[in-house]
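Numbering (our numbering), first residue to last: 68 to 189.
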Amino acid sequence: MIIAGFGMNGQNLARVLRATRVPYLVVDLNDAQVRKGREDGEPIFYGDVNRPEILERMGAVRARILVLAISDPMATRRAVGVARSVNPGLFILVRTRYLSDVDDLLALGANAVIPEEFETSV
C-alpha cells in the first residue's frame, strides 16, 4: 500500500497499518513531514505523486492500493490520473474535503472517495 500525504489522515492510516502489520510506504512533498516521519521510523520518502517516475519508484506498478490523503484538490485530481496510467489495476482511495468532489474524482478513475464533509456529519 502507498500512502500519498502524511498529514493527520496519512499518519492515522499509517498507525493502523503498522499496528496490523500491513506493509506500506509513504510519499509526501513536505520536507518537515518527511524528516519527522523518518525520525519516527516511518517508511517515508520525499516526492510528488503527480510524477509517474515517483510512483514507479514507490512500487505503484506492483501495489494493490494507493491512498491519496493530500490536501491540494488539483494535485489530488492529477494524481488520480497519473496513478491510473502507471497501474490501471490499482485501487485508488481518495480523501477529499467536500462532497461536491466525489463524482469528479470517481470519473477521473478513483475507486472510492471519502469526503471529510460526510465523515464529520456522521
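Yeah, the Cβ is synthetic: ideal placement off N, Cα and C, and Gly gets one too.
Where does residue i land, buried or exposed, given buried means 16+ other C-beta within 10 angstroms?
i    : result
D95  : buried
A177 : buried
A99  : exposed
A86  : exposed
Helix, strand or coil: how does DSSP classify residue i here?
i    : result
L175 : helix
V161 : strand
I111 : strand
I278 : The displayed coordinates of the chain run from 68 to 189. Any statement about residue 278 would go beyond what the structure contains.
V169 : helix
S188 : Note that S188 scores a pLDDT of 47, beneath 50, so its modelled location is shaky and nothing firm can be said.
Next item on the list: Could you tell me whether the region 129 to 140 touches the region 156 to 172, where touching means 3 or more Cβ pairs closer than 8 Å?
Entry: Contact between the region 129 to 140 and the region 156 to 172 is established, with three or more Cβ pairs separated by less than 8 Å.
Check: Are at least three pairs of beta-carbons, each pair with one atom in the region 102 to 112 and one in the region 172 to 180, less than 8 Å apart?
Finding: No, the region 102 to 112 is not in contact with the region 172 to 180.
Item checked: Runs of alpha helix (DSSP H) wholly within the region 105 to 156 (minimum 4 residues, chain order) -> 119 to 124 and 140 to 153
Next item on the list: Go through the region 70 to 100 residue by residue and report every complete run of the beta strand (DSSP E) that reaches 3 residues or more, in order.
Entry: 92 to 95
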